[in-house]
Amino acid sequence: MGRYALQRLIGVIPLLFIVSVLVFLFIHLIPGDPARLIAGKEATLEEIQGIQHQLGLDLPLWKQYFNYMGDLLSGNLGQSIRSGLPVTDMLASRVMPTLWLTLLSMAWALVIGLFIGVVSAVYRNRWPDYVGTLVAISGMSIPGFWLGLVLIQVFSVQLGWVPTGGVDSWKSYIMPSLTLGAGIMSMLARYSRSSMLETMREDYIRTGRAKGLRETVVVGRHALRNSLIQVVTVAGLQFGFLLGGSVMVESVFSIPGIGRLLVDSILYRDYTVIQALLLIFATQFILINLIVDLLYGVLNPKIRYS
Amino acid sequence: MPDNSIGMGAGSGSSLPLEAAPARTAGRFKAFYRKFRKQRLAFAAACFIILLLLVAILGPFLTPYNPDTPNYDALMQGPSAHHWAGTDEYGRDIMSRLIDGTRLSLAVSLSAVFIAAVLGTILGLLSGYYGGWLDRLIMRGSDVLFSFPDLLLAIGIVAILGPGLSNVVIAVAVFGTPSFARIIRSVTLSVKETLFVEATRSMGAKDSRIIWRHIFPETVSSIIVNVSMRIGGAILAAASLSFLGMGAKTTEPDWGAMLSMGRDYLSIAPHIVYFPGLTIFLAVLAFNIFGDGLRDALDPKIKN
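Chains A and B supply the protein sequences, listed in that same order.
full-length UniProt numbering applies: residue 1 is where the first sequence begins, and numbers increase by one.
full-length UniProt numbering applies: residue 1 is where the second sequence begins, and numbers increase by one.
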């Protein structure tokens, strides 16, 4: 296990390197000259050259990458082209709303998803199973932005129970987290159903029943606990995907998080901010995958790494 | 997948007498149809998809009104006998725009999945057949793509290429490719070891012939299943990008773009948002259920 962990940790380094190169190249991959795009259509040649110099685009590519990495390692993500603010400052105020949103979404998705999955597995091929499957497959198919707008229309506009957007109180997070968690909930429901069904076939479950344990004990204490490990692992892996979904949900509910910042920066062509966000998202996914991989080994000793 | 009784069986291709092949295909299709027909929900979904395709093809003949003609006497009207789904902020008939938009929305997602299937299949075949550094390169590449959430990857690609529907197709195709590459690779790996491939090789067949005439047919059922499973996600992704203003222009009758426009009128005319959203939901639901059913009917690994 120790050796495996070390291998995985070392394996992350080239991946991070590739990501940093890709994100660095991002500004060069945009069709056309980025300096010209930033300067606008009516800019003079001097203005464009000024921006090129400011961004260091007139240096050789390897030198640009070197400078970029130097800045990065000293915690400097550059300045927003649009507002001139340091990107790190822009990010700092936007991390918390996104973090709250994703944590809340994951929490309810995990609880409800597990519940539906367990009920479906226990009542396999009977009506609770069919209802559970229908809920799960609907949750997977529903467009998040539409669900969000329908919730706003019903609960904010019609009933006035919760605010339409923003992050002024805890109430503001109810609808966004419901919207964001729906897809993950469905996935976890389906996954925990199949995981439970698999566990219920194990010998120790038969033993439990044979020695006269009540069905609730068999299901709750033995089957659920053993399939929980796998479900939690999958939930962890999905965390990154929640961050992806937050882009959409934050935009629907006007939440000032990093997802919304990404959409705004793309629409306003604020390339330095896009670049920083892509780097942050990518690094986050790599680290989450790493943590889940390592946790999986700790939680499930049957897995052997070679 | 060598013992697949429904998919393309081992040895299909040149080793069979020519006249036997169509009969076998027909028999297999019958067996598949019998199995698929039993899943009532999936069968209903298939019927709905056929209906959607017909609407996409016959669109212009079905629209009750011209989808692009504004009518300033009928702005933002709710559903009525004249306008089943109401009218939008320019007084255009929403039903007609939804019908007209079916073609655009399906074309975007189907072409994206088709491109992903072609690219992924080629990569998967090469990766599985040749192995070695090529395999490692392709698989590490798909690992990198896989580690990003679909939507975020698509947004990143659109950020580079710029907004527009053709770039949405590229973005959705890129994030679909690794799943095909992985699945086809694993099928290729198992087929590569079978006796009939070894026999063909010992007869001096070239690699390209072995891959295309003998291994590729074995992968077809996996490709079909994955295509059907991914279309729903592709429709969702394309609609999401259009909703964020990165896909279809707001003038185009795209489902996602219609919804995005209606957003500003949510409090006074919610039907402008409800109907396009419901259409996207039903289409995605149908493809997801259909994909599930197809997998159960085609995949020999899943037993009831």
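Ideal Cβ placement from N, Cα and C applies to all residues, glycine included.
| Asked | Found |
| --- | --- |
| Min CB distance Ser-306 (chain A) to chain B below 9 angstroms | In this prediction, Ser-306 (chain A) scores a pLDDT of 42, lower than 50, which makes its location untrustworthy; the coordinate-derived value is nonetheless stated afterwards. False, the Cβ-Cβ gap to chain B never drops below 9 angstroms. |
| Extent of the continuous alpha helix (DSSP H) to which Gly-139 (chain A) belongs | 127-141 |
| Through-space distance from Ser-190 (chain B) to Val-87 (chain A), alpha-carbon basis | 50 angstroms |
| Whether Val-218 (chain A) touches Gly-144 (chain A) by CB criterion (9 angstroms) | no |
| Per-residue DSSP class, three states only, for Gln-284 (chain A) | helix |
| Coarse secondary structure for Pro-163 (chain B), derived from DSSP in three states | coil |
| Assumed close pair Leu-180 (chain A), Ser-251 (chain A) - CB separation to whole angstroms, cut-off 8 angstroms | About 12 angstroms; that fails the 8 angstroms criterion. |
| Close beta carbons around Arg-209 (chain A), own chain, < 7 angstroms, minus the five adjacent residues each side | Val-218 |
| Minimum Cβ-Cβ distance from Leu-151 (chain B) to chain A less than 9 angstroms | yes |
| Endpoints, alpha helix (DSSP H) assigned at Met-139 (chain B) | 132-146 |
| Extent of the continuous alpha helix (DSSP H) run through Tyr-90 (chain B) | Per DSSP, Tyr-90 (chain B) belongs to no alpha helix (DSSP H) and is neither H nor E. |
| Residues that Asn-167 (chain B) contacts on chain A, provided the C-beta gap is smaller than 9 angstroms | None at all; the shortest Cβ gap to chain A is about 10 angstroms. |
| Chain B contact for Leu-99 (chain A) (CB, 9 angstroms cutoff) | no |
| Sequence-distant residues of its chain with Cβ nearer than 8 angstroms to Ile-57 (chain B) (five each side left out) | Arg-103 |
| Proximity test, Cβ basis, 9 angstroms: Gly-257 (chain A) and chain B | no |
| Cβ contact (3+ pairs, closer than 8 angstroms) linking the region 256-274 of chain B and the region 270-289 of chain A | no |
| CB contact flag (Gly-244 (chain A), Leu-106 (chain B), <9 angstroms) | no |
| Gln-39 (chain B) in three-state terms, based on DSSP | coil |
| Backbone secondary structure at Pro-176 (chain A) - three-state DSSP | helix |
| Straight-line gap, Glu-46 (chain A) to His-28 (chain A) (C-alpha atoms, nearest Å) | 20 angstroms |
| Collapsed DSSP secondary structure at Pro-67 (chain B) in the structure displayed | coil |
| Cα-Cα separation between Gly-176 (chain B) and Leu-261 (chain A), rounded to whole angstroms | 26 angstroms |
| Selected residue, minimal CA-CA separation from Leu-228 (chain A), among A:Phe-239, A:Gln-7, A:Glu-198, A:Ser-246 | A:Glu-198 |
| Contact list for the region 221-245 of chain B against chain A, Cβ threshold 8 angstroms | Gly-232, Leu-236, Ala-239, Ser-240, Phe-243, Leu-244, Gly-245 |
| Cβ-based neighbour list, Arg-36 (chain A), same chain, cut-off 8 angstroms, excluding 5 preceding and 5 following | Ala-43, Ile-48 |
| Any C-beta of chain B under 9 angstroms from that of Leu-29 (chain A) | yes |
| Residues near Leu-151 (chain A) in its chain [Cβ-Cβ closer than 8 angstroms; skip 5 each side] | Met-175, Leu-178, Thr-179 |
| Residue nearest to Val-286 (chain A) in terms of C-alpha spacing, selected from B:Phe-290, B:Lys-249, B:Leu-145 | Going by the sequence as given, residue 286 (chain A) is Ile instead of Val. Answer by Cα proximity: B:Leu-145. |
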